[in-house]
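Chemist: Per full-length UniProt numbering, residue 1 is the first one in the sequence shown, and the count goes up by one each step. All C-beta atoms in this analysis are idealised placements derived from N, C-alpha and C, irrespective of residue type, glycine included.
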Amino acid sequence: MDRSVNVQRVSNYGIDIIKYAAAILVICFHCESVFQNPEINHLFKNVLCRVAVPFFLISSSYFVRKGQKHSSDYIKRYLQSLTKSYLFWSLVYLPVGFMWIQQNYSLSPTLYPIALVVGLFYTGTYYHLWYIPATIFGIFCVHWLLKKISYVVLFGVATAMYLFGSLETYYGYIENEGLKLFFDQYMNMFITTRNGLFFAVIFVAIGFFLWDYREKILGYQKYFGLLVILTGIVLVGEGIAVYSNVGIDKNFMVMLIPFTACLFCWSLHIKMNVKINIKHLRDLGKYYFFIHPLCILWAANLVNSYDFFANAWLQLIVTLIATHLLSTLVITLSKQLPYYYFDLGLMLRINGLYMQQLI
1 MDRSVNVQRV
11 SNYGIDIIKY
21 AAAILVICFH
31 CESVFQNPEI
41 NHLFKNVLCR
51 VAVPFFLISS
61 SYFVRKGQKH
71 SSDYIKRYLQ
81 SLTKSYLFWS
91 LVYLPVGFMW
101 IQQNYSLSPT
111 LYPIALVVGL
121 FYTGTYYHLW
131 YIPATIFGIF
141 CVHWLLKKIS
151 YVVLFGVATA
161 MYLFGSLETY
171 YGYIENEGLK
181 LFFDQYMNMF
191 ITTRNGLFFA
201 VIFVAIGFFL
211 WDYREKILGY
221 QKYFGLLVIL
231 TGIVLVGEGI
241 AVYSNVGIDK
251 NFMVMLIPFT
261 ACLFCWSLHI
271 KMNVKINIKH
281 LRDLGKYYFF
291 IHPLCILWAA
301 NLVNSYDFFA
311 NAWLQLIVTL
321 IATHLLSTLV
331 ITLSKQLPYY
341 YFDLGLMLRI
351 NGLYMQQLI
């Protein structure tokens with residue numbers, strides 16, 4: 001019994017360390033070009049950094065499925081907690097979101113309520129927040145579907161949805177005029193295929209599956225390291241193909257499906273001999289995700305004010321340091337102040353900082 005508990009603890013170490021690294025990759029992706037060479041920069045941002053979100057989805061759904069097996073209402077409580085957090089951060093980013101709409105769209109103020117609804121339920125009130133409604137939809141959808149269909153059918157449907165979504169990445173390769181016309185009409189209406197239905201469902205399904213069949217998968221443990229390398233090589237090849245003929249966007253990579261699944265399975269068995277405060281690392285990664293756009297805006301303001309900060313690497317370093325310090329501050333304050341007072345105070349302060357940056 002003690003040995004199994006220790007194995008589980010070690011396994012969680014590997015997952016949380018990769019999730020922390022993935023949170024840093026998200027920040028790198030949202031910053032300006034890091035490498036001057038466009039090919040290398042493409043492979044870094046649109047191949048390596050793109051691994052982060054699928055890994056988050058697989059990891060979250062894996063542990064949600066685990067929690068569900070111990071408590072029948074776990075998914076309900078998890079989604080309620082996630083929704084509460086999402087609404088809070090949506091309010092935090094609301095001012096800059098509307099400012100972005102004013103700068104990029106000629107949208108009448110009378111349509112702002114509709115834009116708010118679309119933002120909350122679909123795109124997020126700022127660019128990084130799309131992930132939360134996509135996750136909520138993906139978990140709810142997969143949980144509901146598994147009551148009615150098998151994993152075989154689920155993976156078939158989810159793969160078809162993902163392949164349709166990937167048309168935005170491979171748009172330059174579409175030769176069928178009918179398909180291209182249909183996809184153009186979809187994009188004109190829904191803006192993107194990066195959403196819960198086309199993007200999140202397949203990775204949530206993988207997370208659920210890996211928990212349900214964890215004992216059988218354990219028998220293939222020795223192969224996952226090799227599979228990570230092999231699928232990673234093919235993923236890089238796909239990235240090169242995408243760079244050769246750029247589509248509308250590059251959110252979808254087909255090889256992200258097997259690569260992140262193998263990476264997660266491999267991370268379950270990473271052995272750590274160094275003691276790490278995993279709880280703190282997990283909290284840092286969470287707040288890195290939510291807070292980093294504020295720090296990117298602040299770093300951009302420095303660039304406009306001081307030519308010294310115009311270097312892309314320096315901007316990235318400043319952003320990472322600022323994100324870490326602000327996240328650490330938020331974690332510290334959250335432990336010292338009552339929850340609701342802390343949330344309200346943080347929201348007011350962040351909104352004030354945003355307005356100073358944008359005015």
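Beta carbon of Tyr93, beta carbon of Leu129: below 9 Å?
Modeler: Counted from its first residue, the sequence shown places residue 93 at position 93. Counted from its first residue, the sequence shown places residue 129 at position 129. In contact: Tyr93 and Leu129 (Cβ atoms closer than 9 Å).
Chemist: From Gly232 to Asp249, what does the alpha carbon distance come to, in whole angstroms?
Modeler: Position 232 of the sequence shown, counted from the first residue, corresponds to residue 232. Position 249 of the sequence shown, counted from the first residue, corresponds to residue 249. If I take the Cα positions, the gap works out to 21 Å.
Chemist: Starting from His324 and walking both ways along the alpha helix (DSSP H), at which residues does that stretch end?
Modeler: In the sequence shown, the residue the question calls residue 324 occupies position 324. Ala312 to Gln336 is the extent of the alpha helix (DSSP H) around His324.
Chemist: So, using beta-carbon positions, are Arg194 and Ala134 closer together than 9 Å?
Modeler: Counting from one through the sequence shown, the residue named residue 194 turns up at place 194. Counting from one through the sequence shown, the residue named residue 134 turns up at place 134. In this structure, Ala134 lies closer than 9 Å to Arg194 by Cβ.
Chemist: Under the rule that 16 or more other beta-carbon atoms within 10 Å means buried, what is Tyr288, buried or exposed?
Modeler: By 1-based counting over the sequence shown, the position of residue 288 is 288. The residue in question, Tyr288, is buried, as its Cβ has 16 or more Cβ neighbours within 10 Å.
Chemist: Going by DSSP in three states, Glu32 sits in which element: helix, strand or coil?
Modeler: For this step, residue 32 is matched to residue 32 along the sequence shown. Coil.
Chemist: Applying the criterion that 16 or more other CB atoms from any shown protein chain within 10 Å of the CB defines a buried residue, is Tyr173 buried or exposed?
Modeler: To locate residue 173, count along the sequence shown from 1; it is residue 173. When all chains shown are included, Tyr173 counts as exposed.
Chemist: Keeping to the same chain, check which residues put their C-beta closer than 6 Å to that of Ala52; ignore five residues upstream and five downstream.
Modeler: Here residue 52 refers to the residue found at position 52 when the sequence shown is read from its first residue. So the qualifying residues of the chain are Ala22, Leu25 and Val26.
Chemist: Kindly indicate the opening and closing residues of the alpha helix (DSSP H) around Ile136.
Modeler: By one-based count along the sequence shown, residue 136 stands at place 136. From DSSP, the alpha helix (DSSP H) with Ile136 extends over Tyr131 to Leu145.
Chemist: Going by beta-carbon coordinates alone, are Thr83 and Ile136 separated by less than 9 Å?
Modeler: As a working mapping, residue 83 is identified with position 83 in the sequence shown. As a working mapping, residue 136 is identified with position 136 in the sequence shown. The answer is yes: Cβ separation under 9 Å.
Chemist: Could you give the DSSP three-state label for Asp184: helix, strand or coil?
Modeler: Here residue 184 corresponds to residue number 184 of the sequence shown, with the count starting at 1. In this structure, Asp184 counts as helix in the three-state DSSP scheme.
Chemist: First and last residue of the alpha helix (DSSP H) that includes Arg214?
Modeler: Counting from one through the sequence shown, the residue named residue 214 turns up at place 214. Start and end: Arg214 to Leu218.
Chemist: Mark Met189 as exposed unless 16 or more other C-beta atoms lie within 10 angstroms of its C-beta, in which case mark it buried.
Modeler: Locating residue 189 in the sequence shown gives position 189, counting from the first residue. Burial call: exposed.
Chemist: Gln36: buried (16+ other C-beta within 10 angstroms of its C-beta) or exposed?
Modeler: Here the question's residue 36 lines up with position 36 in the sequence shown. Classification for Gln36: exposed.
Chemist: Over what stretch of residues does the alpha helix (DSSP H) that includes Ala49 continue unbroken?
Modeler: Translated into positions along the sequence shown, residue 49 becomes position 49. According to the sequence provided, residue 49 is Cys. The question's Ala does not apply to it. No alpha helix (DSSP H) contains Cys49, which DSSP labels as neither H nor E.
Chemist: Thinking just about the alpha-carbon of each residue, which of Met253, Ile276 and Ser106 is nearest to the one in Phe235?
Modeler: As a working mapping, residue 235 is identified with position 235 in the sequence shown. According to the sequence shown, residue 235 is Leu rather than Phe. It is Met253 whose Cα lies nearest to the Cα of Leu235.
Chemist: Alpha carbon to alpha carbon, how far is His280 from His324?
Modeler: Counting from one through the sequence shown, the residue named residue 280 turns up at place 280. Counting from one through the sequence shown, the residue named residue 324 turns up at place 324. C-alpha separation (whole angstroms): 12 Å.
Chemist: Please confirm whether Ile278 and Tyr13 have their CB atoms less than 9 Å apart.
Modeler: Residue numbering aside, residue 278 sits at position 278 when the sequence shown is read from its first letter. Residue numbering aside, residue 13 sits at position 13 when the sequence shown is read from its first letter. Yes, the pair counts as a contact, with Cβ atoms nearer than the cut-off.
Chemist: Mind checking whether the beta-carbon of Asn176 lies closer than 8 Å to any heavy atom of the ligand ADP?
Modeler: Among the components modelled here there is no ligand, and therefore nothing to report on the ligand ADP.
Chemist: Going by beta-carbon coordinates alone, are Leu179 and Leu167 separated by less than 9 Å?
Modeler: Here the question's residue 179 lines up with position 179 in the sequence shown. Here the question's residue 167 lines up with position 167 in the sequence shown. For Leu179 and Leu167, yes; Cβs fall inside 9 Å.
Chemist: Just the C-alpha distance for Leu314 and Val96, rounded to the nearest angstrom, thanks.
Modeler: The residue labelled residue 314 in the question sits at position 314 within the sequence shown. The residue labelled residue 96 in the question sits at position 96 within the sequence shown. Straight-line Cα distance between these residues: approximately 24 Å.
Chemist: Examine the Cβ distances between the region 115-123 and the region 149-158 and report whether three or more of them are shorter than 8 Å.
Modeler: No, they do not touch.
Chemist: Do the CB positions of Ile17 and Ser59 come within less than 9 Å of each other?
Modeler: Residue mapping note: residue 17 aligns to position 17 of the sequence shown, counting from 1. Residue mapping note: residue 59 aligns to position 59 of the sequence shown, counting from 1. Contact: no.
Chemist: Does Leu181 pass the burial test, meaning 16 or more other C-beta atoms within 10 Å, or should it be called exposed?
Modeler: Here residue 181 refers to the residue found at position 181 of the sequence shown. Per the 10 Å Cβ criterion, exposed.
Chemist: Here's a check: name, in chain order, each residue in its chain whose Cβ is nearer than 6 Å to the Cβ of Phe29, leaving out the five neighbours to either side.
Modeler: Residue 29 sits at position 29 when you count from the first residue of the sequence shown. So the list reads Lys45 and Cys49, once near-sequence residues are dropped.
Chemist: Which same chain residues end up closer than 8 Å to Thr328 when comparing Cβ atoms and leaving out the 5 residues on each side of it in sequence?
Modeler: As a position in the sequence shown, residue 328 is number 328, starting the count at 1. Same-chain partners within the cutoff: Leu284.
Chemist: So what's Asn12 in DSSP terms, helix, strand or just coil?
Modeler: On the sequence shown, residue 12 is found 12 positions in, with the first residue counted as 1. Helix.
Chemist: Among Gly207, Glu215, Tyr243 and Ser81, which residue has its Cα nearest to the Cα of Val47?
Modeler: The residue labelled residue 47 in the question sits at position 47 within the sequence shown. The shortest C-alpha separation from Val47 is found at Tyr243.
Chemist: Taking the alpha helix (DSSP H) that Thr260 belongs to, which residues open and close that run?
Modeler: Indexing the sequence shown from 1 puts residue 260 at position 260. Note, Thr260: alpha helix (DSSP H), Leu256 to Ser267.
Chemist: Using 8 Å as the threshold, is the region 138-145 in touch with the region 210-227, meaning 3 or more CB pairs across them?
Modeler: Touching, no, given that fewer than three Cβ pairs across the two stretches are closer than 8 Å.
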